[in-house]
Amino acid sequence: MTKLDSKIPEGTIDRKWENYKSHSNLVNPSNRRKLDVIIVGTGLAGGAAAATLGEAGYNVKAFYFQDSPRRAHSIAAQGGINASKNYQNDNDSDYRLFYDTVKGGDYRAREENVYRLAELSGNIIDQCVAQGVPFAREYGGTLANRSFGGAQVSRTFYASGATGQQLLLGAYSSMNRQIKAGKVKSYNRHEMIDVVVVDGKARGIITRDLVTGKIERFGAHAVVIATGGYANVYYLSTNAMACNATAAWKTYKKGAYFANPCFCQIHPTCIPVSGELQSKLTLMSESLRNDGRIWVPKNIEDVKAIREGKLKPTQISEENRDYYLERRYPAFGNLVPRDVASRAAKERCDAGYGVNKTGFAVYLDFQDAINRLGDKTIRERYGNLFDMYENITGDNPYYTPMMIYPASHYSMGGIWVDYETMTTIPGLYAIGEANFSDHGANRLGASSLMQCLCDGYFVLPATISNYLAHDIHTGPINTNTPEFEKAEIDANNLIKKLFDIKGTKSVDYFHKKLGLLMWDKVGLSRNEKGLNEAIAEIKTIRENFWKDVKVTGKADQMNNELEKAIRVADFLELAELIAIDALNRNESCGAHFREESQTEENEAKRNDNDYKYVSAWQYTGEGNQPTLHKEELTFNAIELKQRNYK
Amino acid sequence: MDFTLKIWRQENATAKGSQQEYKVKDISSDTSFLEMLDALNQQLVEKGEDVISFDNDCREGVCGTCSLYINGEAHGPKKLVTTCQLYMRSFTDGQTIYIEPFRANAFPVIKDLVVDRSALDRIQQAGGYTSFNTGSAPEANAMPIAKEDAAAAFDAAECIGCGACVATCKNASAMLYVSAKVSQFAYLPQGKVEAAERVLNMVAQMDTEGFGNCTNTGACEVECPKGISIKNIARMNREFMCASLTSE
């Protein structure tokens, strides 16, 4: 059995990264060209890593299922990226960013990783500015900042409501430079189907060419998984349609541990579900909570009148509105962390105060801000978000409040990694949203971009040499070995098996069924009974999938149904692990709310005595209960407290 | 709402394609265009037929993956939106809708409505970057940039690389796309160092890929889902001219 060693370097928390870098093994520049690195996924984490490793002189092979690296879903991040630059002179520091992130994550993150993240955050901004990322600026020409949930300082850098797009295009441009230089070879429309482990080390991957259907082998000295999260397990989520967990899940089945799968973030401000054919949910950036106020009517009669179309929200007077976040959390108000805001919305809607026809929506109102700052300022800050909202719903948020509701958005859980971002399989790394380490049980807004770029630009390039230093005499990786052979046969068999079922139901039918179940029983609020039911029901859906799914088209051509089938087959397994982990963790922390563990005021109650650990699950074969390994969390630099945003 | 759809079907790059007719019924006006196509694909699966391939991913108008030519317009009738942000309320009940891929010599069809736009990536590889290795960047506030310049750079940088400008242009020119990147860097001090080389290399690559030239029709600007202005083309021409005169 692999021992769970997080490889934390010596020294005080602010010296650990420096110590690590000073003592790790290096690869001489002339040896780097003998070493191949496979990177799967080219979003912020993968793209940044590909560019940086290429610059360093390694041979990078980058794989992605999209037609271009610029399409990765990092592009959809709207609001911003945090960094402890303290440009606003509001007492920000590396320590404060570290503190806010650990606290925001409800003390379930590894503190050493988070400190490093805070420490490197400023360098990320420098790098992005040098790439020509057009961040918002003040009249004097310096960079502008805004505030985000879970913080009392302004440390978020942004480019209108398209920060993710601009940062991704920055990483993409650096990667393009390395493609031109011949150091990065880019494989578009290639989906990773399996990882290949030889003599206990990750030595390559199996891919499917999404245009020709060809199954191919690729070898490398190290493999990096940068394939994002698994929010699409809920079917409806803010993720892109093709976001999937297949690459991560296949590494789990080959021996990488999967950590904290039950930590799935439900984002509070999304456009509510409108109809049966709905395929995804659209996020409205958290930055809107800077100026927007969230409310529902105080009186149930008003709610009824609104739903019947007899009353407009603008006609409800100030004293008849319940600004429930400001009421419950006066210190942070509308800027409480995401998990708190989401549960509060659910609480009001479950109590019958939801303001749309389905009863699952609350108002996000800009009237005060517009009165205070004027249309023009609001348009400057959020123009593209307001336009997007109007285009989707047909309502104009300059005149009537937005309607919002929580939706599945991000996964804090992911592949277990140590301080070096290496998984439990030597030579296999996981970076960005695909790993678990930095956000604990809840991610703060504007922290995902920070973590992805931190891992991609700085952490992985510094840690991978410590491993690759032992491989300088290995020579090119031979893909004509029994391990590659078997993985290729397995991939072909999987595809054949899916076609051979010839059932009666589409892939989407099963995915939707799974999504509804997960939302209902493994969503915002969980309990033992529901979780046990969910585990049984997921098994049933999975069994039915393998008996009755219908995949049309052919294997040797572009086939979207087959792509979806492969992804959904993995979601159907991952879903069960999420439920098992949620059942095991009988405490409420961050995004994970167990009804059995709450205060008298219905706030989440963490249980540090029993659950102050990372749950890392080991695959033990099909149909077997996975084995739980615990990484105890120790907090030396920060005092453990119950979160309080009141 | 009910619709008759005339959709381009083509099995692969070398096969001959043709227009096929399909019907969809009882679609709510709040359904997005791509969700309407999802519904059609579900019907096809039920009948055991191969689904219609169309590129799409984020479905919030920013990834640039979706790329349909709808009733003779790139991204359909509504201005300033991508296909995924087009809702059926933009159409009338009973309407016939023609759906084709983005057509251009430089965009060969892969299957049905999916085309290969990797030529656009290769243009970026030719020069759409600044040469700062990770770790070598100066302090972010060391280089003040006027607010309006940063805003103008952002407006150009908003291009999502969907290729609607190419599909719309009678010459299949990629000038709007290329000029957006050239302009972004032209507004910023970081871009100045490699400005001449950048514009010369990107334009040369654009020509190599088989995109046509610009004849100032302006259709690209009209169909661009992000409202990228053709002023960028003028700026690129200026940059190109200066670079041609000063380069060796």
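Chains A and G, in that order, are what the protein sequence lines are.
Just so you know, this note's numbering puts 615 at position 615 of the first sequence, and the rest follows in order with no gaps.
Add 1000 to the 1-based position in the second sequence for this note's numbering, that's all there is to it.
Every residue gets a Cβ at the ideal spot worked out from N, C-alpha and C, and that includes glycine.
Fair warning: this is a prediction, and the values are worked out from it, not measured in the lab.
- prompt: G:A1106 and G:G1210: beta carbons closer than 8 Å?
  reply: yes
field: Members of the segment 233 to 246 of chain A that neighbour chain G once the beta carbon cut-off is set at 9 Å
entry: Result list: T238, N239, A240, M241, A242 and C243.
message: Taking 8 Å as the threshold (C-beta atoms), are A:Q265 and A:N442 in contact?
response: yes
query: How many angstroms separate the CA atom of A:M1 from the CA atom of A:A256?
result: Reliability fails at A:M1, whose pLDDT of 48 lies under 50, so the model's placement of it is uncertain and the value that follows must be treated cautiously. Cα-Cα distance, rounded: 11 Å.
message: If you measure between the beta carbons of G:K1025 and G:D1057, is that distance less than 8 Å?
response: no
- request: Mind listing, in chain order, the continuous alpha helix (DSSP H) runs of no fewer than 4 residues lying wholly within the segment 1068 to 1143 of chain G?
  value: 1118 to 1125
- prompt: Mind checking if G:K1147 is an interface residue toward chain A, Cβ cutoff 8 Å exclusive?
  reply: It does; some Cβ of chain A falls within 8 Å.
query: By the 10 Å Cβ neighbour count, where 16 or more other Cβ atoms means buried, how is A:V60 classified, buried or exposed?
result: buried
- prompt: What three-state label does DSSP hand A:I631 in the structure shown?
  reply: The displayed chain sequence assigns Glu, not Ile, to residue 631 of chain A. Three-state result, A:E631: strand.
- prompt: Taking only runs of the alpha helix (DSSP H) that begin and end inside the segment 132 to 207 of chain A, which ones reach a length of at least 4 residues, in chain order?
  reply: 163 to 180
- prompt: Just reading off the beta strand (DSSP E) that A:G614 is part of, what are its end residues?
  reply: Looking at the sequence shown, residue 614 of chain A is not Gly but Val. Y613 to Q618 is the extent of the beta strand (DSSP E) around A:V614.
task: Please determine, among A:F635, A:G394 and A:L325, the residue with the shortest C-alpha to C-alpha distance to A:G149.
output: A:L325
field: Classification of G:C1066 by the beta-carbon crowding that lies within 10 angstroms, buried from 16 upward
entry: buried
- request: Just the chain A side, please: which residues come within less than 7 Å of G:Y1022 by C-beta, in chain order?
  value: Per Cβ cutoff of 7 Å: no residues; G:Y1022 is ~15 Å from chain A at best.
- prompt: What residue does the beta strand (DSSP E) around A:D581 start on, and which one ends it?
  reply: For A:D581, there is no enclosing beta strand (DSSP E); the enclosing alpha helix (DSSP H) has its first and last residue at N560 to N584.
query: Nearest chain A C-beta to G:G1249 closer than 8 Å, yes or no?
result: In the structure as shown, chain G begins at 1001 and stops at 1248. Residue 1249 of chain G is therefore absent and cannot be evaluated.
message: With three or more C-beta pairs closer than 8 Å as the rule, is the segment 166 to 180 of chain A touching the segment 50 to 68 of chain A?
response: yes
- request: Measure the C-alpha to C-alpha separation of A:G43 and A:Y87 and round it to an integer number of angstroms.
  value: Between A:G43 and A:Y87, the C-alpha separation is close to 28 Å.
- prompt: Taking the runs of the alpha helix (DSSP H) that are 4 residues or longer, which of them lie wholly in the segment 306 to 347 of chain A?
  reply: 324 to 328
field: Contacts of A:V211 in chain G (Cβ-Cβ under 7 Å)
entry: I1110
message: Considering only the alpha carbon of each residue, which of G:K1170, G:T1130, G:K1147 and G:A1186 lies closest to G:A1156?
response: Among G:K1170, G:T1130, G:K1147 and G:A1186, the Cα nearest to that of G:A1156 belongs to G:A1186.
task: Name the two residues that bound the continuous alpha helix (DSSP H) containing A:H267.
output: A:H267 -> not in any alpha helix (DSSP H); beta strand (DSSP E) instead, spanning C264 to C270.
message: Under 8 Å, Cβ to Cβ, is there at least one residue of chain A near G:E1139?
response: yes
query: Taking Cβ positions only, does G:A1150 come closer than 8 Å to chain A?
result: yes
- request: Could you tell me the boundaries of the alpha helix (DSSP H) in which A:W546 lies?
  value: A:W546 -> alpha helix (DSSP H) spans E528 to D548.
query: Could one say the Cβ of G:G1064 lies closer than 8 Å to chain A's Cβ atoms, at least one of them?
result: For G:G1064, the closest Cβ of chain A is nearer than 8 Å.
- prompt: Grouping DSSP H, G and I as helix and E and B as strand, with all else coil, what is A:P461?
  reply: Here A:P461 sits in helix by DSSP.
query: Hey, out of A:K550, A:T620 and A:D14, whose CA is closest to A:K695's CA?
result: Nothing can be reported for residue 695 of chain A, as the shown portion of chain A is limited to 1 through 646.
- prompt: Counting along the chain, where does the beta strand (DSSP E) carrying A:E216 start and finish?
  reply: I215 to G219
- prompt: Looking at C-alpha atoms only, which residue of A:S447, A:L577 and A:A345 is the closest neighbour of A:G122?
  reply: A:S447
query: Rounded to a whole number of angstroms, what is the C-alpha to C-alpha distance between A:G204 and A:A462?
result: 21 Å
query: Where does A:Y399 land, buried or exposed, given buried means 16+ other C-beta within 10 angstroms?
result: exposed
- prompt: Closest by CA to A:N493, which one among A:G515, A:L26 and A:D194?
  reply: A:D194
message: Under 9 Å, CB to CB, which of the residues in the segment 126 to 150 of chain A have a partner in chain G?
response: D126, Q127, C128, V129, A130, Q131, G132, V133, P134, F135, A136, R137, E138, Y139, G140, G141, T142, L143 and A144
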